[in-house]
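Everything on this sheet refers to the single structure shown next.
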Amino acid sequence: MIPYILKRLLISIPVLFGILLLTFVLARLIPGDPCKAILGEKATADVCERFEKKFGLDKPITTQFVLYSKRVVTGDFGNSIRFSRPVTQILVERFPVTIELAMGGLIVAIIVGVFLGIISALRHNSSIDVATMVIANVGISMPVFWLGLMLAYLFGLMLKGTIFWLPPSGRLTAGLSSIPFYEVWGWEVVYGSTKAKILEFFANHYILNALVTGNWEIFKDAVRHMILPIIALSTIPMAIIARITRSSLLEVLGRDYIRTAKAKGVKSFDIVSKHALRNAMLPVVTILGLQMGGLLSGAVLTETVFGLAGVGRMLVEAIYARDYPIIQTFTVMIAVAYMLINLIVDISYGFLDPRVRLE
Amino acid sequence: MSKQSAQLEVKNLTTCFRTGTENVTAVDDISFSVNKGETLCIVGESGCGKSVSALSIMGLLPPAGYVKSGSVNFQNNNLLSVSSSQLEKLRGNRISMIFQDPGSSLNPVMKIGDQVGEIFRIHLKMSKKESLEKALGMLKQVEIPDPESRMLTYPHELSGGMAQRVMIAMALSCNPDILIADEPTTALDVTIQSQILNLMTQIQKKTETAIILITHDLGVVAEMADKVLVMYCGQIVEHGDVKTVFNSPVHPYTKALMKSIPIIGKKTKKLDAIPGRVPSLDMLPKGCRFEQRCSEKNIQITPDCQGRIPPIFNLNNNHGSRCWLKKENQ
Amino acid sequence: MNKLGRVSENLSKNLDEDLLLQEPVSVWKRIYKRLMSRRSGKIGLFLIGFVFFIAVAAPIIAPYDPQQVLIGKEKVKKREAPCIHMLGCDISKPAHLMGIDGNFRDQYSRIIYGSRISLSIGFSTVSFAVIGGVLLGALAAFFGGWIDNIIMRIMDVILGFPSLLLAIAIVAVLGPGIRNALLAIAIVTLPAYARLTRASVLSVKELDFVKASITLGASPTRLLLSRILPNSLTPVVVLATLGIATAILDAAGLSFLGLGAQPPTPEWGTMLGSERNQVFSAPHLVFFPGIAIMITVLGFNLFGDGLRDALDPRLNN
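Here the protein sequences line up with chains X, S and E, keeping their order.
Quick note on the working numbering: the first sequence kicks off at 18 and runs consecutively.
Quick note on the working numbering: the second sequence kicks off at -7 and runs consecutively.
Quick note on the working numbering: the third sequence kicks off at 6 and runs consecutively.
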């Protein structure tokens, strides 16, 4: 088991380097001048010269990359050209939004998807089965941004005034703000230190923060703001998971060892829960890594629709503004997150399927 | 022959399969019984309905299959009409079954010890610790080498012979009254085959379990059977005790089968195969199903052979054959 | 029949791959029959046919020119709601089945013409990705060694990024526009076909039939083109059909973000994207393009599903 994990970890290192290199190159390849993009078309050559010197853009490309890599290793990602703030600070503020969204989407997609898939498989060819599969098919055919907008219209406008109303944008209702847990508990925090940044990163997960500090009002508010985005985002992965769970469970239930289990007198409920499910979940776990990619992509669109200040939306804006530090860092972060998730999926596959450990 | 009470009595069992357009009859009106400590072998070609009969008894037919009529009497219960929870209590407990391909018949993500121990937890309500101890005992009984470490391994780490031993261990855990073995050695090497069969015989001597052994291998039948049931196209064509059927077969099919066994030492140019093909189940003839390949019909042709399905004629001493030409013992 | 033919025939009797040696025409007939016997295949084909019809007949069925600004010609308000005479709209007003968009154009006509764009996006992206992917995958599998390694490593790098994000990044480099969006989506989806083809070719390569043919002197390239590739292609066909669905969705997503088809092109995603801030006041401008996307994508998804079931060799009893 351990050699399996170690091998997987070792392979990740060159991939990480490749990602760093690729994002650096890609960012630099974007045509257009960051100076003109940020300061405007009328910026004179003088101003731009000073601008480039300030941000180190006048040095040769290879030097820039070496400097960049050195700083990355120490955790310094530079300053955003557009906002003149450290990229890490922007990350700390924005990443939690995307994480809450993506994680929420993933959890909902898995729970609902697996549940629907199991029911469809057990009630094979019944009307429930057909209905679920129709809904699943429609679900994967819907553009996520359209679904988000339609949900916002339905719950944000049409149902206004009823108890079903849900806020169509933002993370918290105007006027409310989340108080970080370390402030509530009265911790000593040195502003600007690494420890402060890490704490702030965690505190920006409003839902968890409110849960941990027992702030029921903020918790409810934050959750209500997340409901529509999460539903929109999770629909496609949920449909895919439901379909794969169903077909996988159906296939497993036809296998010889299920027949053996029945011949042993195992009760039908236990046949599904103890014998079939663990085998049936293997293909589902396999595609989970892929689904995360879809969730991250979908997060970009969902954040745009619901006005959430997350990493995805920031990235698109940064591309327009040629804000290299943000483009590089955010892309690297997303790629690293994606890679980590696939790593976790690989490892958990090893836990679930003993046959794989021998490889 | 002493009169022993039958453990299992199958009467007029008919099993069908739903296929797209029509329904196909895989098992047509078979009846037999097995006594305590007795081994009954069901013999026939692939597709003759022997496996389906076994699955019907256990209630393990695939979704497309269903029992059309008949009864399966086990200890004063008709297995075909008991509730599913009652059937679950009997399976693995009083009636067990082992299958042809041991490799695919074990759950690949569960340890061997857990799979064997599961039976004790379900039927004897033991705790996890107790069931694992019992499982270890069963592995020792089926002579698996190094059983302690085998308990913690997974099925893909076992050879075919080992896996089949594990299956037997699971099947015999609760000392069942009946063991149904569906081609248990077909997927194994010949040397392993005899080991497995010996194991079964040994355990049977101790526990007096009735065994229903399904096979297409006449050598296995000769070695293991007390009684034989020969099936063809879903019907029983001959039944009797093994010596009688082997030494004086009556039904033309049985005769042809016996003739097709090559004898070591005898010089022949060609092997005696049965000409023709088994009729497909959706296009069965009106009369005797073996008639087209029968080599004896030319001697005494009766229009009945083509016109009506012969019933089983009882010859003597529980020896019967389904043939118009052999109404009395010859 | 020459020696090769006879040997292959004997060998194939022992293979389950008897599909390999059947005449292509009868195979297609059987597949078609199986496809049509299932609901999903039929509905999918119907939907696709419907969209195709609309695309082809666009000039005839669209009441207005999709780029025509109506500001002087008719008395219409910006983003006006649909006016359907049958549902009660005043007969004196001209009919606009799906309303007027933010530039005083008839949305119904734009949606109709949008079908042309979406269909061509779907087919061109997938064609590019399939041709490129199959070629690379076949080369990698057939030659093995370092060629295989390099090609597959590049595929892995592409697959190491979430697909839409990488497409966004590529479009950022190339500049927004429909052609660059197509290229980006094609590049991002190519690796799947490469991997699939490679796996198929590898498994067919190892069949005894192929090894025997090579020892008898058959030319490897001819073998690759005439026998191995056609039979490895069935999963590719299924993936391609489903790929058209995802390509249309991805293209709409890129257009929504402003990176794909640019206004005034009547691409459904662009139409949706430019009106998204007005969803509360003019929901019809968001609703109809989305439904159009959904119907088209659903058609290809259902058809792809039906195709997959029809081509599944395991159902060959």
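Glycine included, C-beta positions come from ideal geometry on N, C-alpha and C.
Bridge pairing for V64 (chain S): S:V2 [DSSP]. Sequence-ordered contacts of the region 222 to 249 of chain X with chain S are nonexistent [C-beta pairs closer than 7 Å]. Runs of the alpha helix (DSSP H) lying entirely within the region 249 to 311 of chain X and spanning at least 4 residues, in chain order: 273 to 280. Around the beta carbon of Q194 (chain S), fewer than 16 other beta carbons sit within 10 angstroms, so the residue counts as exposed. Inclusion of Y170 (chain X) and G165 (chain E) in the CB contact set at 9 Å is not warranted, their separation being larger than that value. A straight-line Cα-Cα distance of about 50 Å links S120 (chain E) and K70 (chain X).
For T13 (chain S), there is no enclosing beta strand (DSSP E), as DSSP gives it neither H nor E. Shown here, C286 (chain S) sits in coil according to DSSP, grouped into three states, outside any helix or strand. Residue pairing by DSSP puts A202 (chain S) in a beta bridge opposite S:I170.
In summary, the residues of the region 138 to 165 of chain E whose CB is separated from some CB of chain X by less than 7 Å are V162, G165, in the order they occur in the chain. Within chain X, the residues placing a beta-carbon under 8 Å from that of Y146 (chain S) are P371, R372, ordered along the chain.
When C-beta distances to chain X are compared with 7 Å, the residues of the region 90 to 103 of chain S below that value are F91, D93, S96, S97, L98, N99, P100, V101, in chain order. Chain X has a Cβ within less than 9 Å of the Cβ of I114 (chain S).
Taking a contact as a CB-CB distance under 8 Å, the pair A256 (chain E) and G274 (chain E) counts as one, their CB atoms being some 6 Å apart.
The beta carbon of H90 (chain E) sits closer than 8 Å to the beta carbons of I96, A100 from its chain, once the five residues preceding and following it are set aside; these are given in chain order.
Counting only runs of 4+ residues, the alpha helix (DSSP H) found wholly inside the region 48 to 95 of chain E occupies 63 to 66, in chain order. M118 (chain S) carries a coil assignment under DSSP once its states are collapsed to helix, strand and coil. For the region 305 to 320 of chain X, no residue has a beta-carbon sitting nearer than 8 Å to a beta-carbon of chain S. In the three-state reduction of the DSSP assignment, H289 (chain E) falls in the helix class.
A direct Cα-to-Cα measurement between I155 (chain E) and R295 (chain X) gives close to 36 Å.
With contacts defined as CB atoms closer than 9 Å, S251 (chain X) and L325 (chain X) fail to qualify as a contacting pair. When 9 Å is used as the limit between beta carbons, W182 (chain X) is near no residue of chain E, the shortest such separation being about 13 Å. Sequence-ordered contacts of the region 39 to 63 of chain S with chain X read M50, L52 [C-beta pairs closer than 7 Å]. For M175 (chain X), there is no enclosing alpha helix (DSSP H), since its DSSP letter is neither H nor E. Not one beta carbon of chain E lies nearer than 9 Å to the beta carbon of G121 (chain X). Among the residues facing chain X, K3 (chain S) is not included, as its CB has no counterpart in that chain under 9 Å away. For I190 (chain E), there are no C-beta contacts with chain X under 8 Å, since the nearest C-beta of that chain is about 12 Å from it. Chain-ordered, the chain X residues with CB closer than 7 Å to the CB of K81 (chain S) read G282. Residue S:C315 holds the alpha-carbon nearest to the alpha-carbon of F282 (chain S) among S:V182, S:M102, S:C315, S:A163. When the beta-carbon positions are compared, S158 (chain X) and V302 (chain E) come within less than 9 Å of each other. Secondary structure of V206 (chain X) (DSSP, three-state): coil. DSSP places C33 (chain S) inside the beta strand (DSSP E), whose first and last residues are 31 to 35. For S168 (chain E), at least one C-beta of chain X is nearer than 9 Å to its own C-beta.
Within the same chain, and ignoring the five residues on either side of I122 (chain E) in sequence, the residues whose Cβ sits closer than 6 Å to its Cβ are E272. When DSSP states are grouped into helix, strand and coil, A18 (chain S) belongs to the strand group. Of all residues in the region 144 to 161 of chain X, none places a beta-carbon less than 8 Å from a beta-carbon of chain S.
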